[in-house]
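Number of protein chains: 2
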Amino acid sequence: MDSGIKRPGVTSSEVARRAGVSQSAVSRTFTPGASIAPKTRAKVLAAAKELGYRPNAIARSLITNKSRIIAVVMAYLENLFYPDVLEELGRQLAAQNYRLLLFTGSMARDSDPVFDQIMQYRVDGIILASTSLSSELSEECAAAGIPVVLFNRTTERDAVSSVTTRNREGGRRIGEFLLAGGHRRFGYIAGLETSSTNRDRYAGFAEALAEGGHTDIAIGTGNYSRADAEAAAREMLALPDRPDALFVANDHMAVAVMDVARYEFGLSIPQDLSIVGYDDVGPARWTSYGITTMSQPLKRMVDATVDILMEQISSGEIEAEHRILSGELVVRTSARVPESGVVEIDGRRVFKPKG
Amino acid sequence: MDSGIKRPGVTSSEVARRAGVSQSAVSRTFTPGASIAPKTRAKVLAAAKELGYRPNAIARSLITNKSRIIAVVMAYLENLFYPDVLEELGRQLAAQNYRLLLFTGSMARDSDPVFDQIMQYRVDGIILASTSLSSELSEECAAAGIPVVLFNRTTERDAVSSVTTRNREGGRRIGEFLLAGGHRRFGYIAGLETSSTNRDRYAGFAEALAEGGHTDIAIGTGNYSRADAEAAAREMLALPDRPDALFVANDHMAVAVMDVARYEFGLSIPQDLSIVGYDDVGPARWTSYGITTMSQPLKRMVDATVDILMEQISSGEIEAEHRILSGELVVRTSARVPESGVVEIDGRRVFKPKG
DNA sequence: CTGAAAGCGCTTACAG
DNA sequence: CTGAAAGCGCTTACAG
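Here the protein sequences line up with chains A and B, keeping their order. Residue numbering for the first sequence is 1 to 355, as defined by UniProt numbering. Residue numbering for the second sequence is 1 to 355, as defined by UniProt numbering.
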């Protein structure tokens, strides 16, 4: 048994020489579905093993014009929702035999240089989470035949697909829940004001409250960041007529807001203040927080994302597709629980009015 | 001004034709340092812009034998420490003009298929965080001339570099801190028992306690996972003679342990029970937890990792290098504070005995 | 400074 | 089923 140590440059030609076959035969051995005699194949495989040969994916990409690489652009990982998404994406892309090229951090905010990289590597698809895309860039991708999917964002752009949840309905549901809980003064800590998720969640929330006769909503801006959410909470909770019910646009901020309410204002949750979040991310489930929150079905969202990508890659047709999934209002301890409408499904409590 | 839309296959030859120069000239225009006349360069650049040309990184890789891709293998992102690391790695690699190919999740645990991918893509370097590497694979990388750096792990393997912090000293420091706080019964919630970090942290902790005359340490195993840590805490806190001081091998588990102690056992922290963690990750700083913890200097650890990689890539010499950095015991509210030894540095409280 | 040419390691018609 | 050959889009000696 040889050790299988690979010297820097083992090529298919070397394997061919060793196996006494042509270089084409070596290539066919490593191409699923190529026509090759079992005997030849065995010889090649043996030689390959001896030399520690592995096909060069770079050379293969050059000729097939497929890199089997998907670019994932994720501006910030601070919110655990995104690492969770990343992990699931990694799993599913690997299962489809695709690799994941990650672009994060500050560089991801200014999309131009990132897109230069993406185009240079001739990725087969692009997933944009927590980032948007300028119209020129998205058109450029479409023109180049590269499918783009927005994750948890949406846009009017023609060529860009998206996967989201019913944010507006989610916002409505939260409004109904807080109304049913008998709250009287409402507040909203917003996410990034330019994001579609934030707009939709707020719109639904305001709608529901208006139907309940409440048009006065205190608004603070958290920009989906902890520090901004804390500042917004401080301001809002210092109000003479402070809200007794707060919808915070995601759990990541809700955690920070709860700490401010409890430890800086001495408020009891939910007795003095009800807080509802969005996402149902890890810390929402931790006992210290127990956040009542609209869940986003992460796994199904990733399923849909990968599905759209695979479909567009294999068909070569880039037609924008918008998948919209539903979440549930998971009831925990951070908000007063209404008398009715809360049911237990699969071991968790969920708010389903008129059910 | 042209729109710059890129058709699928703009190549250097097409740009050359358009600019009225040779294909070599186009290549030189996009190769930093190549000898090209400013005038020629300008013509090429103009033509490239008109056609929306970008050099094909795949083709370039094939001939230069450098992919400018670094593989990052990160088994699990659940612990926020790792997303933080990932973000910083992304930033620093981008600054050095390298791309980051991410391998996560379950597939990362079984290293063989992952390594097959890594080798096929001819990555220029490999960073392993929260994963180890079998001896054959590390030797194979070394033989292939691919530098490997273990992040927050170490190993005896010859060819594999590592970046860690002084885990043993950290464990000692924590032991000293808890002794100075006047605790009498000690417990340890371990991480993965096979990991070097866990071994070293425990060894230092036990050493310090032994010097203080305590050789009896209650031990539970949390495997760096929340669920396991919770189970271990339940068991340990139900002990007739339960510890009044707990060292939990990382903050990720410490958060879970605190919730169990408070909400399942009704314990006050730190009055009934002191808890010290490790890492100084996000939630440790949240007011609900305020974990006293050994910090790991994440940015400097990433600096060191990238530094080792860049050095080995440019020199072509793979000689294992082990960088060991120091953290500090950051004092917050989860553990009783000793009378002396706690000093304030740069606005944070730190335990520095005999200082 | 420039262009013609070789070649990186593969895949894939093509002819047998 | 197999091999010889062309070619993917570049970089880089080489000669001028």
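C-beta: ideal position from N, C-alpha, C; glycine also. These numbers were taken from a predicted model, which means no experiment stands behind them.
In the structure shown, the three-state DSSP call for A/Ala249 is coil.
Between the stretch 146-156 of chain B and the stretch 120-127 of chain B there are three or more C-beta pairs closer than 8 Å, enough to call the two in contact. When DSSP reads this structure, B/Glu344 sits in a beta bridge with B/Arg349. Within the same chain, Cβ atoms closer than 6 Å to the Cβ of A/Met236 are found at Gly187, Ala218 and Gly220, the five residues on either side in sequence being excluded. Burial state of B/Arg184 is exposed, judged by a 10 Å Cβ sphere holding fewer than 16 other Cβ atoms. Going by C-alpha positions, B/Val342 is about 14 Å away from B/Gly182.
Think of a sphere of 9 Å around the beta carbon of B/Gln120: the chain A residues whose beta carbon falls inside it are Arg54, Pro55, Asn56, Ala57, Ile58 and Arg60, in chain order.
One thing to note: B/Leu86 has its Cβ within 8 Å of the Cβ of A/Leu77. A Cβ of chain A is located within less than 8 Å of the beta carbon of B/Val255. Contact between the stretch 348-355 of chain A and the stretch 318-338 of chain A is present: three or more C-beta pairs spanning the two stretches fall below 8 Å. Residues of chain A whose Cβ lies closer than 9 Å to the Cβ of B/Gly125 do not exist; the shortest such Cβ separation is about 14 Å.
Following the DSSP letters along the chain, one finds A/Ile275 inside the beta strand (DSSP E) bounded by residues Ser274 to Asp279. Cβ-Cβ separation between B/Gly290 and B/Arg242: approximately 22 Å, too far for a contact (criterion under 8 Å). Between A/Ala48 and A/Tyr202, the alpha-carbon positions lie close to 60 Å from each other. Here A/His322 is bridged, per DSSP, to A/Ser162. For A/Gly175, the uninterrupted alpha helix (DSSP H) segment begins and ends at Asn167 to Ala180. In the assembly as shown, A/Asp158 is an exposed residue. Its beta-carbon has fewer than 16 other beta-carbons within 10 Å.
Taking 9 Å as the upper bound on Cβ-Cβ separation, chain B lies near no residue of the stretch 310-325 of chain A. Here the alpha carbon of A/Arg166 sits roughly 38 Å from the alpha carbon of B/Thr131. Closer than 8 Å to the CB of B/Thr287 there is at least one CB belonging to chain A. By the CB criterion at 8 Å, B/Thr29 and B/Leu45 fall inside the cutoff. The alpha-carbon of B/Ala190 is positioned some 18 Å away from that of B/Ala210.
Annotated three-state conformation of A/Gly90 is helix, per DSSP. Boundaries of the beta strand (DSSP E) around A/Val149: Val148 to Phe151. Shown in chain order are the members of the stretch 82-102 of chain B whose Cβ falls below 7 Å from a Cβ of chain A: Pro83, Leu86, Glu87, Gly90, Arg91, Ala94, Arg99, Leu100, Leu101 and Leu102. By the C-beta criterion, the stretch 278-294 of chain A is judged to be in contact with the stretch 247-260 of chain A, since at least 3 inter-stretch pairs fall below 8 Å. The stretch 263-278 of chain A makes no contact with the stretch 308-316 of chain A, as fewer than three CB pairs between them are under 8 Å. In the structure shown, B/Val73 adopts extended strand secondary structure according to DSSP, grouped into three states. Here A/Ser288 carries a coil assignment [DSSP, helix/strand/coil].
Within 7 Å of the CB of A/Leu80, the CB atoms of chain B belong to Leu80, in sequence order along the chain. Under the DSSP definition of a beta bridge, A/Tyr188 partners with A/Ile219 and A/Phe247. Under the 8 Å criterion on CB atoms, A/Gln117 is classed as interfacial with respect to chain B. Spanning the alpha carbons of B/Asp116 and A/Arg168 requires a straight line of approximately 45 Å. Annotation: A/Tyr224 has no Cβ neighbours in chain B at a cutoff of 9 Å; minimum Cβ distance is about 15 Å. Membership of B/Arg99 in the beta strand (DSSP E) is indicated by the continuous run Arg99 to Thr104.
Here B/Ala71 is near B/Leu101, since their CB atoms are less than 8 Å apart.
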